[in-house]
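Following: one structure in structure tokens, then a few remarks.
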Amino acid sequence: MSESLRLPIRLALLGLVTVIIQAAAVSQISIFGISADLTVLVVMSVGLLAGSIAGSIMGFATGLLVDMVLVQTLGVTSLLFLVIGYWSGRLRELRDPSHGLVPMALGAAATAFAGIGMAVIQFLLGVDAPVSWLLLEQIFIAVLVNTLLALPVYALVRRVIEPALPADPRRRRRRAYTTGGLSPLQRPSQRLGPMTRSGSR
Amino acid sequence: MHSKQVRRRRAVVAALVAIALILLTAYFGESPSSPLHTLQRGIVEVFSPVQEGASKVLTPFKDVANFFSDTFKAKSQVGQLRKQVAKLQAQLSQAQFAASQNVQLRHQVGLDNSVGLAAYKPVASNVISRDPTLWYATVEIDKGSDDGIHRGDPVTADGALVGDITTVDPTVSFVTLITDHTMAVAAQVNDTSGDTGVLVPAVGNPNQLQLQYLPTSAPVQTGQQVVTVGFKSGPLQDLYPPGIPIGQVASVGNSLANNGEVPVTPAADLRHFTIVQVLTAPHAGTARAQTPTGGKTG
Numbered sequence: 001m002s003e004s005l006r007l008p009i010r011l012a013l014l015g016l017v018t019v020i021i022q023a024a025a026v027s028q029i030s031i032f033g034i035s036a037d038l039t040v041l042v043v044m045s046v047g048l049l050a051g052s053i054a055g056s057i058m059g060f061a062t063g064l065l066v067d068m069v070l071v072q073t074l075g076v077t078s079l080l081f082l083v084i085g086y087w088s089g090r091l092r093e094l095r096d097p098s099h100g101l102v103p104m105a106l107g108a109a110a111t112a113f114a115g116i117g118m119a120v121i122q123f124l125l126g127v128d129a130p131v132s133w134l135l136l137e138q139i140f141i142a143v144l145v146n147t148l149l150a151l152p153v154y155a156l157v158r159r160v161i162e163p164a165l166p167a168d169p170r171r172r173r174r175r176a177y178t179t180g181g182l183s184p185l186q187r188p189s190q191r192l193g194p195m196t197r198s199g200s201r
Numbered sequence: 202m203h204s205k206q207v208r209r210r211r212a213v214v215a216a217l218v219a220i221a222l223i224l225l226t227a228y229f230g231e232s233p234s235s236p237l238h239t240l241q242r243g244i245v246e247v248f249s250p251v252q253e254g255a256s257k258v259l260t261p262f263k264d265v266a267n268f269f270s271d272t273f274k275a276k277s278q279v280g281q282l283r284k285q286v287a288k289l290q291a292q293l294s295q296a297q298f299a300a301s302q303n304v305q306l307r308h309q310v311g312l313d314n315s316v317g318l319a320a321y322k323p324v325a326s327n328v329i330s331r332d333p334t335l336w337y338a339t340v341e342i343d344k345g346s347d348d349g350i351h352r353g354d355p356v357t358a359d360g361a362l363v364g365d366i367t368t369v370d371p372t373v374s375f376v377t378l379i380t381d382h383t384m385a386v387a388a389q390v391n392d393t394s395g396d397t398g399v400l401v402p403a404v405g406n407p408n409q410l411q412l413q414y415l416p417t418s419a420p421v422q423t424g425q426q427v428v429t430v431g432f433k434s435g436p437l438q439d440l441y442p443p444g445i446p447i448g449q450v451a452s453v454g455n456s457l458a459n460n461g462e463v464p465v466t467p468a469a470d471l472r473h474f475t476i477v478q479v480l481t482a483p484h485a486g487t488a489r490a491q492t493p494t495g496g497k498t499g
């Protein structure tokens, strides 16, 4: 398989499987009266791991698939997920966050954005049914549930797409720090091991 | 190099946003027979066997998760349900007496007696996918036009009306639930005078319905059952057969006296049902549908 096609193929399969599992199973499991939304978390994770372009394309495609499969108004979920994928990717490109809890915080933000964004778009489209404190309460519970699921989903997405990601110098540098290879904070003697006066080890 | 990357990124995002907005605008303004809707139905048709398989494979996981969820919910409902059982037992004896009288009277006036659901040719079907959001109250089921299902057929679950068929393909269909903002059902309260109104989703609560256009002096009480009217007036005929339970009156407050409205709690658990019955011949039994001219039509 061509090197350049590995990532798109993995992302396409990931999106497809996520939407099917979400529609066929996860949406039918009620936790405190709401269902978790894995699609948002997967899009966020892809953005965070693969950057803004991959994140936005993944968001758009996953959203479109959700709208298609669930017979919803086309374009609504695509628009929201596109923004989520793009900004998750931009966060990675601008800040390169390495803290282990970043996916949780970003998962919460992405879920809140999707819930509120959906409400705003539905208002603009003239839908007036579920508008209330109950809606806010349900968005809040959805954010909590998705926050708890964000880390396992992120880990799973990383496992799926990381082998296909292009080599990133920042990632290499970070890995080198953790293995003690290139850290400028270490003295040469610590990096290279014990040396004899004659220069031979 | 860097500016080229920036330009590329912006171009991709701008193109995707533009496509999403074009799709949204085009889809929203189009009729259900338009190319975009047809494409959507085609993709649903392709995906439905996969979803059906996934739904079956993942059933044990769903069952385990729902077991815990239902256990917590059931514990909180025990006291309330015990009171309800006591009340319903008293009502049952009255209802049985009324039913026996009803049978005799039907024979006397020569009306069709087939008001049970079996008369409407129900087709049992499994839910294979469900919308996770509050905004689209739809579920997908694994039966379609090949099984005799038509657009507009009423759908019941847990013995109560849950919605109707809005999209039909040969092997799958989509049910729009009664809590969807597009739905309205002519309904009757089983009170002493059988007041009728129109049941619509309650604004501000996606799990609640609102029975509107009741007489402000209607003798409605909390807990009374709300059923479909199934009216027929000249060429006009209700989509739903008469007498199908929809829910119970949740409370009676000032909104009845002021606006002729009461909140109604759906009888079926709209987020949990997994099996539905589609009534493929909803106008087979029209006993109560033949309302006298000038009568209430809901």
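Chains as they are written, first to last, in this note's numbering: chain C, 1 to 201; chain P, 202 to 499. All residues carry an ideal CB built from backbone N, CA and C; glycine is no exception. Predicted model, so just to flag it, every value in this text is computed and none were measured.
Please work out which residues of its chain come closer than 6 Å, Cβ to Cβ, to residue i, disregarding the five sequence neighbours upstream and downstream, and give them in chain order.
{"i": "residue 294 of chain P", "result": "none"}
{"i": "residue 143 of chain C", "result": "108, 111, 112"}
{"i": "residue 375 of chain P", "result": "339, 341, 367, 368"}
{"i": "residue 100 of chain C", "result": "none"}
Under a three-way DSSP split, which group does residue i fall into?
{"i": "residue 410 of chain P", "result": "strand"}
{"i": "residue 9 of chain C", "result": "helix"}
{"i": "residue 364 of chain P", "result": "strand"}
{"i": "residue 146 of chain C", "result": "helix"}
{"i": "residue 428 of chain P", "result": "strand"}
{"i": "residue 450 of chain P", "result": "strand"}
{"i": "residue 460 of chain P", "result": "helix"}
{"i": "residue 167 of chain C", "result": "coil"}
{"i": "residue 376 of chain P", "result": "strand"}
{"i": "residue 137 of chain C", "result": "helix"}
{"i": "residue 471 of chain P", "result": "coil"}
{"i": "residue 181 of chain C", "result": "In this prediction, residue 181 of chain C scores a pLDDT of 49, lower than 50, which makes its location untrustworthy; no coordinate-derived value is stated."}
{"i": "residue 151 of chain C", "result": "helix"}
{"i": "residue 201 of chain C", "result": "Residue placement at residue 201 of chain C cannot be trusted, given a pLDDT of 41 that sits under 50; what the coordinates show is reported in the next sentence. If DSSP states are grouped into helix, strand and coil, residue 201 of chain C belongs with coil."}
{"i": "residue 21 of chain C", "result": "helix"}
{"i": "residue 481 of chain P", "result": "coil"}
{"i": "residue 497 of chain P", "result": "For residue 497 of chain P, the pLDDT reaches just 37, beneath the cut-off of 50, and the residue's location in the model is therefore unreliable, leaving the point undetermined."}
{"i": "residue 421 of chain P", "result": "coil"}
{"i": "residue 103 of chain C", "result": "helix"}
{"i": "residue 415 of chain P", "result": "coil"}
If residue i and residue j are in contact, beta carbons under 8 Å, what's the gap, nearest whole angstrom?
{"i": "residue 383 of chain P", "j": "residue 408 of chain P", "result": "In fact, because the Cβ distance is near 17 Å, the residues do not count as touching under 8 Å."}
{"i": "residue 395 of chain P", "j": "residue 415 of chain P", "result": "About 11 Å; that fails the 8 Å criterion."}
{"i": "residue 354 of chain P", "j": "residue 370 of chain P", "result": "The pair is not a contact, with the Cβ atoms about 14 Å apart (cut-off 8 Å)."}
{"i": "residue 427 of chain P", "j": "residue 449 of chain P", "result": "7 Å"}
{"i": "residue 372 of chain P", "j": "residue 347 of chain P", "result": "6 Å"}
{"i": "residue 42 of chain C", "j": "residue 157 of chain C", "result": "6 Å"}
{"i": "residue 79 of chain C", "j": "residue 225 of chain P", "result": "7 Å"}
With burial defined as no fewer than 16 other Cβ atoms inside 10 Å of the residue's Cβ, what is the status of residue i: buried or exposed?
{"i": "residue 92 of chain C", "result": "buried"}
{"i": "residue 230 of chain P", "result": "exposed"}
{"i": "residue 209 of chain P", "result": "exposed"}
{"i": "residue 137 of chain C", "result": "exposed"}
{"i": "residue 343 of chain P", "result": "buried"}
{"i": "residue 483 of chain P", "result": "buried"}
{"i": "residue 234 of chain P", "result": "exposed"}
{"i": "residue 162 of chain C", "result": "exposed"}
{"i": "residue 291 of chain P", "result": "exposed"}
{"i": "residue 285 of chain P", "result": "exposed"}
{"i": "residue 10 of chain C", "result": "buried"}
{"i": "residue 388 of chain P", "result": "buried"}
{"i": "residue 442 of chain P", "result": "buried"}
{"i": "residue 120 of chain C", "result": "exposed"}
{"i": "residue 418 of chain P", "result": "exposed"}
Within its chain, find whatever has a CB closer than 8 Å to the CB of residue i; leave out the 5 residues flanking it on each side and keep chain order.
{"i": "residue 74 of chain C", "result": "64, 67, 68"}
Could you compute how far the alpha carbon of residue i sits from the alpha carbon of residue j?
{"i": "residue 430 of chain P", "j": "residue 424 of chain P", "result": "18 Å"}
{"i": "residue 362 of chain P", "j": "residue 390 of chain P", "result": "14 Å"}
{"i": "residue 40 of chain C", "j": "residue 84 of chain C", "result": "8 Å"}
{"i": "residue 500 of chain P", "j": "residue 359 of chain P", "result": "What the structure shows of chain P is the stretch from 202 to 499, and residue 500 of chain P is not part of that stretch, so it cannot be assessed."}
{"i": "residue 481 of chain P", "j": "residue 21 of chain C", "result": "30 Å"}
{"i": "residue 315 of chain P", "j": "residue 154 of chain C", "result": "Legend: pLDDT at residue 315 of chain P = 49, less than 50; position of this residue unreliable, value from coordinates given subsequently. Approximately 56 Å between the Cα atoms of the pair."}
{"i": "residue 323 of chain P", "j": "residue 24 of chain C", "result": "24 Å"}
{"i": "residue 164 of chain C", "j": "residue 94 of chain C", "result": "22 Å"}
{"i": "residue 19 of chain C", "j": "residue 37 of chain C", "result": "10 Å"}
{"i": "residue 288 of chain P", "j": "residue 282 of chain P", "result": "10 Å"}
{"i": "residue 260 of chain P", "j": "residue 304 of chain P", "result": "43 Å"}
{"i": "residue 263 of chain P", "j": "residue 214 of chain P", "result": "37 Å"}
{"i": "residue 402 of chain P", "j": "residue 268 of chain P", "result": "28 Å"}
{"i": "residue 47 of chain C", "j": "residue 217 of chain P", "result": "15 Å"}
{"i": "residue 53 of chain C", "j": "residue 455 of chain P", "result": "55 Å"}
Tell me which same chain residues have a C-beta within less than 7 Å of the C-beta of residue i, skipping the five on either side of it?
{"i": "residue 147 of chain C", "result": "104, 107, 108"}
{"i": "residue 440 of chain P", "result": "353, 355, 365, 483"}
{"i": "residue 350 of chain P", "result": "324, 344, 366, 369, 374, 479, 481"}
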